[in-house]
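Trainee: The structure that follows is given in the form of structure tokens.
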Amino acid sequence: MPTNLFKIGDWLYILPFAVVGFVLGVYGFTTCPDCSAVSSGVPGAGPTGFAAAVTHTLGLIKAVGNFPLDRVHWPLFFAQIIMPALAFVSVFKLVLQNIRRDARVLFAQRLKNHTIVCGLGDTGRQVVESFRDQNMPVVVIALNTSTPYAAACERRRVAVLEGDAGQPSLLKLAGLKRASSLIIACGSDGTNLEIGMRARDALAKVQGRSVKILPELRSEWLYDLVKTQNSGTLGSDQAEFQLFNLNANAARQLLRSHFFLRAVPEAPPQPHILFAGFGRVATEILMRAARCNFAVPGQKLSATVLDEKGPASIAMAQAACSDISQIADIEFSPCEFTADDSSWQVPVLAALKQRLPLAVIVAVRQDDVALNTAMRFRKMLDELGQYATPVFVRIREQHRLGAFLSQLEGQSLFHERLIPFGSLAFLTTPAALLDQSLDILARATHEIWLRSNAQS
């Protein structure tokens, strides 16, 4: 059950009344000459002390006061009305909240075309927020429903079921057979796949429907293995498996930007991109750009990769894409980016003077280092007169800060100068998770490119 009884907006109305009632009660008991007997107002021993007045005031919650409205008893008259009224409102609100929560749970299995989210970590919580922002119905399954994330879901009028998402009975209670999609983000790749396969088995006897199952796979080797072996073998007629990885989604988001969707003929004879940092996100961007955005017959994408591992970074890229050297010309140079040390700028500036890139993509691990590196690249490009060359920077959490810096770098003639991408809030939208059109287009374009180059 959520730990919060009131929303912040409710406190703005209830708290002032509570303070007024409490103050009136304490004031009345400490000044009234004949009110030491709380229940009846019978003459007593005179005004009470402060501690006793507090106790008597709290006792008014039981509606035991019997004070008339006159010059002497008016504070206690109003206090004896306000205090029990607030207690009644609090209890009523608690009961009403529980009734609403139970009703949402009861009717969850009767929903149609809704999304079931398993897990309420950072990814699961953001998926719920993104889907509710699109007014899409959502049901959540979580091991612990007493967390702040569960309370946030309750405020969004989302049913939160407590238990193991791998149990068929709980999936049935969440309305699996009527759902349109099942998103699994429990924090463990093995658990996510296991829940997905159990859901597939639970749907085996359903006729005329197909539920899209989306397990999150964070481990690069497992994601690559399952994708290579074709995730369709996991599915069935009733369950369509669609693995998702936030790094791949970040690459999709970047390559759908206005800059990368512009016509390729405007680019130089061999488009050149510079990567600062070459982790999983940068690898995904390079592969997808070479296979889709810059897949023109007779032309290969060129890339300069600056990473602390240097040429050793190619091993990870080749593990993700064995033919990456055939679809792109890649040059690696060792370079370590830090916020405190700017010595890396000297060789980088020399490399920029030697060959100007079409765009710069900064994809280092920490947001503050990424922003610092992107700002320095922006300054170096301006010194070379490349005001229109965009700098894309991967931001995981500090997207608002990135957007603010982007506005500062914007100019009247050139708007796309510093562009943040890859925020968790954007990677978990329904379009980012459920739409695979870019993957289909990329595969089709890559096949055309391979046939064209084979003929030449």
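Quick note on my numbering: the sequence shown kicks off at 5 and runs consecutively. We put the CB at the ideal spot given by N, CA and C, even for glycine.
Spell out the partners DSSP gives F279 in its beta bridges.
Mentor: Bridge partners of F279: V309, I365.
Trainee: So I277 and P361 are in contact, right, with Cβ under 8 Å, and what is the actual spacing, rounded?
Mentor: Confirmed, Cβ separation roughly 6 Å.
Trainee: Give every residue of the same chain whose Cβ lies closer than 7 Å to the Cβ of F135, excluding the five residues on either side of it in the sequence, and list them in chain order.
Mentor: If we look at F135 and ignore the five residues flanking it on each side, its Cβ neighbours are T119, V142, P434.
Trainee: Could you tell me which residues DSSP pairs with F425 in its beta bridges?
Mentor: According to DSSP, which records beta bridges pairwise, F425 is partnered with R398.
Trainee: Since A146 is in the beta strand (DSSP E), which residue starts that stretch and which ends it?
Mentor: First-last of the beta strand (DSSP E) with A146: 142–146.
Trainee: Nearest-angstrom Cα distance between V58 and G29?
Mentor: Each residue's alpha carbon lies about 8 Å from the other.
Trainee: Should A206 and A112 be called a contact, given that it needs their Cβ atoms to be closer than 7 Å?
Mentor: Their beta carbons are not under 7 Å apart, which means A206 does not touch A112 by this criterion.
Trainee: Could you tell me the alpha carbon to alpha carbon distance between S184 and E158, rounded to whole angstroms?
Mentor: Rounded to whole angstroms, S184 to E158 spans 21 Å at the Cα level.
Trainee: Mind checking which residues open and close the beta strand (DSSP E) that includes C122?
Mentor: Element bounds for C122: 119–122.
Trainee: Taking DSSP's pairing of strands, which residues face K216 in a bridge?
Mentor: Per DSSP, S185, E244.
Trainee: Where does R369 land, buried or exposed, given buried means 16+ other C-beta within 10 angstroms?
Mentor: Exposed is the call here.
Trainee: With distances taken from CA atoms, which of L229, L73, L438, F82 is nearest F26?
Mentor: Of the candidates L229, L73, L438, F82, the one whose C-alpha sits nearest the C-alpha of F26 is F82.
Trainee: On the DSSP letters alone, give me the boundaries of the alpha helix (DSSP H) that L238 sits inside.
Mentor: Taken as a continuous stretch (DSSP letters only), L238 belongs to no alpha helix (DSSP H), as it is neither H nor E.
Trainee: Under 8 Å, with one C-beta from each stretch per pair, do the segment 235–254 and the segment 205–223 reach the 3-pair mark?
Mentor: At 8 Å Cβ cutoff, the stretches touch.
Trainee: Measuring alpha carbon to alpha carbon, tell me which residue in K66, P79, H77 is nearest L90.
Mentor: Answer by Cα proximity: K66.
Trainee: Keeping to the same chain, check which residues put their C-beta closer than 6 Å to that of Q274; ignore five residues upstream and five downstream.
Mentor: For Q274, where only same-chain residues beyond five positions count, the Cβ hits under 6 Å are S306.
Trainee: Please report how far the alpha carbon of A332 lies from the alpha carbon of L409, in whole angstroms.
Mentor: Roughly 32 Å between the two C-alpha positions.
Trainee: Looking at the unbroken alpha helix (DSSP H) that takes in F336, where does it start and where does it end?
Mentor: Note, F336: premise wrong, no alpha helix (DSSP H); beta strand (DSSP E) at 332–338.
Trainee: Assign V285 to one of two classes, buried (16 or more other C-beta atoms within 10 Å of its C-beta) or exposed (fewer than that).
Mentor: That one is buried.
Trainee: Buried or exposed: which applies to A154, given that a residue is buried once 16 or more other Cβ atoms fall within 10 Å of its Cβ?
Mentor: Buried.
Trainee: Please state whether DSSP places A255 in a helix, a strand or coil.
Mentor: Helix at A255.
Trainee: What residue range does the beta strand (DSSP E) around V164 cover?
Mentor: 163–166 is the extent of the beta strand (DSSP E) around V164.
Trainee: Taking R260 as the reference, give the member of G125, Q246, F298, V23 with the closest Cα.
Mentor: Checking every option, the nearest Cα to that of R260 belongs to F298.
Trainee: Would you report the Cα separation of I328 and A367, rounded to the nearest angstrom?
Mentor: Each residue's alpha carbon lies about 19 Å from the other.
Trainee: So D371 is in the alpha helix (DSSP H); what residue range does that whole segment cover?
Mentor: Element bounds for D371: 371–387.
Trainee: Within 10 angstroms of the Cβ of G123, are there 16 or more other Cβ atoms? Answer buried if so, exposed if not.
Mentor: Classification for G123: buried.
Trainee: Could you work out which residue in Y31, Q130, P79 is closest to E401 when comparing CA atoms only?
Mentor: For the residues Y31, Q130, P79, the minimum Cα distance to E401 belongs to Q130.
Trainee: Rounding to the nearest angstrom, what Cα-Cα distance links A203 and V210 in this structure?
Mentor: Whole-angstrom Cα-Cα distance: 12 Å.
Trainee: In chain order, what residues of the same chain have a beta carbon less than 7 Å from the beta carbon of T377, not counting five sequence neighbours either side?
Mentor: Counting only Cβ-Cβ distances below 7 Å, and skipping sequence neighbours, we find A280, F341, V366, V368.
Trainee: DSSP three-state label for W78, please.
Mentor: If DSSP states are grouped into helix, strand and coil, W78 belongs with the helices.
Trainee: Output needed for R160: all residues of its chain with C-beta closer than 6 Å, excluding positions within five of it in sequence on either side, in chain order.
Mentor: If we look at R160 and ignore the five residues flanking it on each side, its Cβ neighbours are R136.
Trainee: Quick one: Cα of Y227 to Cα of F92, how far?
Mentor: Their Cα atoms are separated by approximately 54 Å.
Trainee: Are F263 and P394 touching if we call contact CB-CB under 7 Å?
Mentor: Their beta carbons are under 7 Å apart, which means F263 touches P394 by this criterion.
Trainee: Assign Q257 to buried or exposed, taking buried as 16 or more other Cβ atoms, counted over all protein chains shown, within 10 Å of its Cβ.
Mentor: The residue is buried, with at least 16 neighbouring Cβ atoms inside 10 Å.
Trainee: Are there 16 or more other CB atoms within 10 angstroms of the CB of S427, so buried, or fewer, so exposed?
Mentor: By the 10 Å Cβ count, S427 comes out buried.
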